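K.L.:
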Amino acid sequence: MRLHCGSFRLDMSRPLVMGIVNVTPDSFSDGGRHFVRDTAIAHAHQLIAEGADILDIGGESTRPGAQEVSLQEELERVLPVLEGLRGVGVPVSIDTFKPEVMRAAIAAGASMVNDINALQQPGALDVVAASNAAVCLMHKQGKPQSMQLAPQYQDVMHEVMDFLQQRIAAAEAAGIARNRMVVDPGFGFGKSLEHNLALLRHLHDFTRMNVPILAGLSRKSMLGMITGQEVNKRAAASVAAALIAVQRGAHIVRVHDVKETVDALKVWQAVNA
Ligand code: 9MG
Numbered sequence: 001m002r003l004h005c006g007s008f009r010l011d012m013s014r015p016l017v018m019g020i021v022n023v024t025p026d027s028f029s030d031g032g033r034h035f036v037r038d039t040a041i042a043h044a045h046q047l048i049a050e051g052a053d054i055l056d057i058g059g060e061s062t063r064p065g066a067q068e069v070s071l072q073e074e075l076e077r078v079l080p081v082l083e084g085l086r087g088v089g090v091p092v093s094i095d096t097f098k099p100e101v102m103r104a105a106i107a108a109g110a111s112m113v114n115d116i117n118a119l120q121q122p123g124a125l126d127v128v129a130a131s132n133a134a135v136c137l138m139h140k141q142g143k144p145q146s147m148q149l150a151p152q153y154q155d156v157m158h159e160v161m162d163f164l165q166q167r168i169a170a171a172e173a174a175g176i177a178r179n180r181m182v183v184d185p186g187f188g189f190g191k192s193l194e195h196n197l198a199l200l201r202h203l204h205d206f207t208r209m210n211v212p213i214l215a216g217l218s219r220k221s222m223l224g225m226i227t228g229q230e231v232n233k234r235a236a237a238s239v240a241a242a243l244i245a246v247q248r249g250a251h252i253v254r255v256h257d258v259k260e261t262v263d264a265l266k267v268w269q270a271v272n273a
């Protein structure tokens with residue numbers, strides 16, 4: 001399987017690591033816009049040196065309870081970083097659900113759109129269809145501000161897979177080729193610990209969709225619930241979760257701790273060679 005991602009063709013026969021680059025004020029000390037941009041670009045280069053295959057640039061936090069940011073603010077955060085990473089040698093993804101940000105980011109060099117809203121915002125399908133960018137279609141229940149209050153499912157696997165099938169169909173109908181799509185069950189997005197564990201346990205079932213699977217478990221609260229560790233002490237749990245996801249069919253893992261994840265996946269690959 002090969003993912004068409006802008007001018008890149010990503011071979012999905014080995015697991016890929018997507019490194020997270022947050023361009024949100026709470027990720028940095030208060031040093032102003034240039035400092036935030038330079039720090040994010042330096043972090044991106046660091047993640048590439050550590051073995052990241054893809055970078056995911058985000059200007060709005062999607063953590064449970066996070067506040068929305070305006071379109072203008074999001075553009076001012078991410079565009080200078082994308083411009084600074086033009087031609088960096090790995091595909092750069094834009095983490096956004098806003099069509100205007102998608103369009104500007106693709107023009108600034110993004111090869112992939114990582115949309116936690118699965119292109120449901122009016123205009124989002126058309127923006128991606130008009131480009132050659134790949135897209136990650138993610139499932140979530142509710143909005144980041146309130147999604148963890150009372151997540152409810154009759155059958156979480158069935159409902160998440162059904163939703164993703166529908167979004168694949170909508171994207172195809174809009175003119176986005178299947179070889180540009182990735183699906184993601186959306187760990188932690190309107191899901192209890194039990195829902196997340198069921199999705200991870202049965203992740204392999206998602207391979208039936210015949211598009212690459214992305215799993216984002218890094219430092220998430222489900223790992224805090226299991227280990228009792230605070231968010232900055234969840235690297236070991238995150239690496240374990242990424243490895244389990246790959247063993248159960250994930251093609252791409254979205255992580256903060258790139259170096260540690262790359263090493264763990266090298267061991268897994270050596271055993272499987
Ligand atoms: C932006 N973001 C935060 N968590 C994520 C996850 O699990 N998957 C994807 N695709 N994006 C995420």
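No gaps in the numbering here: position 271 of the sequence shown is 271 in the numbering used here, and each next residue is one more. Virtual Cβ for every residue (Gly too), placed ideally from N, Cα, C. Only a predicted model underlies this, so the values are computations on that prediction, with no experimental measurement involved.
#1: Please list, following the chain, all residues that have a C-beta closer than 6 Å to any non-hydrogen atom of the ligand 9MG.
#2: Using 10 angstroms around the beta-carbon of M274, count the other beta-carbons present and answer buried if the total reaches 16, otherwise exposed.
#3: Taking only three categories from DSSP, how would you classify D162?
#4: How many whole angstroms separate the CB atoms of A198 and V156, which I take to be in contact at a CB cut-off of 8 Å?
#5: Taking a contact to mean a Cβ-Cβ separation below 8 Å, would you say L203 touches A250 in this structure?
#6: Give the range of the beta strand (DSSP E) segment to which H4 is assigned.
#7: Given a cut-off of 8 Å on the beta-carbon distance, is the pair R218 and D257 in contact?
#8: Check S146 in the structure and name its three-state DSSP category.
#9: If you run the structure through DSSP and keep just helix, strand and coil, what is V239?
#10: Please say whether V36 and V17 have beta carbons closer to each other than 8 Å?
#11: So which of A124, G84, L119 has the shortest CA-CA distance to M138?
#12: Alpha carbon to alpha carbon, how far is A150 from S93? Give it in angstroms, no decimals.
#13: In three-state DSSP terms, what is A134?
#14: Between S131 and V90, what straight-line distance do the alpha-carbon atoms span, to the nearest angstrom?
#15: May I have the straight-line CA-CA distance separating K275 from V21, to the nearest angstrom?
P.N.:
According to the structure data:
#1: In chain order, the hits are G58, T62, D95, N114, I116, C136, M138, D184, G186, F187, L214, G216, R254.
#2: Nothing about residue 274 can be reported from this structure: the residues present for the chain run from 1 to 273 only.
#3: helix
#4: 5 Å
#5: Yes, these two residues count as a Cβ contact at 8 Å.
#6: First-last of the beta strand (DSSP E) with H4: 2-5.
#7: What sits at residue 218 in the sequence shown is Ser, not Arg. Cβ distance < 8 Å, so S218 and D257 count as in contact.
#8: coil
#9: Helix, per DSSP.
#10: no
#11: Just measuring C-alpha positions, the residue of A124, G84, L119 sitting nearest M138 is L119.
#12: 30 Å
#13: strand
#14: 18 Å
#15: This structure cannot speak to residue 275, because the chain is shown only from 1 to 273.
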